[in-house]
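Asks: Numbering (the UniProt record's numbering), first residue to last: 1 to 89. Beta carbons are placed, not taken as given, at the ideal position from N, Cα and C, and that holds for glycine. In this text, all values refer to a predicted model and were calculated from it rather than measured experimentally. Sharing a structure below in structure tokens format, with a few things to ask.
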């Protein structure tokens with residue numbers, strides 16, 4: 001019995017979760033036009049800033065920036081309508 005293949009729906013293949021913890025990043029390089037991203041984990045990197053256009057990620061619910069070198073968050077982060085968890089500890 002063969003498996004029946006069906007065409008993929010582009011909506012199903014869009015990224016919803018970005019996990020780049022322990023990646024040694026020193027700058028944030030994410031497509032901020034993707035409204036389907038709901039979770040971002042960027043812990044244990046060398047990030048020093050968060051771009052103001054992070055507020056374009058209107059679907060974002062969880063943002064983990066723990067253990068980076070960030071001293072200040074952009075005010076625009078407060079306009080993320082669905083953000084429930086922000087970890088910057």
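Does residue 34 come out as helix, strand or coil in the three-state DSSP assignment?
Replies: To locate residue 34, count along the chain shown from 1; it is residue 34. Looking at residue 34 - three-state DSSP - the assignment turns out to be coil, as it is neither helix nor strand.
Asks: Locate the beta strand (DSSP E) running through residue 53, then write down its first and last residues.
Replies: Indexing the chain shown from 1 puts residue 53 at position 53. Counting along the chain, residue 53 falls outside any beta strand (DSSP E), and DSSP gives it neither H nor E.
Asks: Evaluate residue 26 with the Cβ neighbour count: other Cβ atoms within 10 Å of its Cβ, from every protein chain shown; 16 or more gives buried, anything less gives exposed.
Replies: Locating residue 26 in the chain shown gives position 26, where the first residue counts as 1. With fewer than 16 other CB atoms across the displayed protein chains lying within 10 angstroms of its CB, residue 26 is exposed.
Asks: Whole angstroms is fine: what's the gap from residue 46's alpha carbon to residue 72's?
Replies: Stepping through the chain shown from its first residue, residue 46 is reached at position 46. Stepping through the chain shown from its first residue, residue 72 is reached at position 72. Rounded to whole angstroms, residue 46 to residue 72 spans 14 Å at the Cα level.
Asks: I'd like to check one pair, residue 16 with residue 41: are the Cβ atoms closer than 8 Å?
Replies: The residue you call residue 41 lines up with position 41 of the chain shown. The residue you call residue 16 lines up with position 16 of the chain shown. Cβ atoms of residue 41 and residue 16: not closer than 8 Å.
Asks: Is it the case that the Cβ atoms of residue 54 and residue 23 are separated by a distance below 8 Å?
Replies: For this step, residue 54 is matched to residue 54 along the chain shown. For this step, residue 23 is matched to residue 23 along the chain shown. For residue 54 and residue 23, no; Cβs fall outside 8 Å.
Asks: Sort out for me which residues DSSP pairs residue 63 with in a bridge.
Replies: Taking the chain shown and counting its residues from 1, one reaches residue 63 at position 63. The partner list for residue 63 (beta bridge, DSSP) reads 40 and 86.
Asks: In chain order, what residues of the same chain have a beta carbon less than 8 Å from the beta carbon of residue 66, not counting five sequence neighbours either side?
Replies: Position 66 of the chain shown, counted from the start, is the residue given in the question as residue 66. Contacts found: 43, 44, 87, 88 and 89.
Asks: Ordered along the chain, which non-local residues of its own chain (more than five positions away) have a Cβ less than 8 Å from that of residue 81?
Replies: By 1-based counting over the chain shown, the position of residue 81 is 81. For residue 81, the CB contacts under 8 Å within the same chain, skipping 5 residues up- and downstream, are 58 in chain order.
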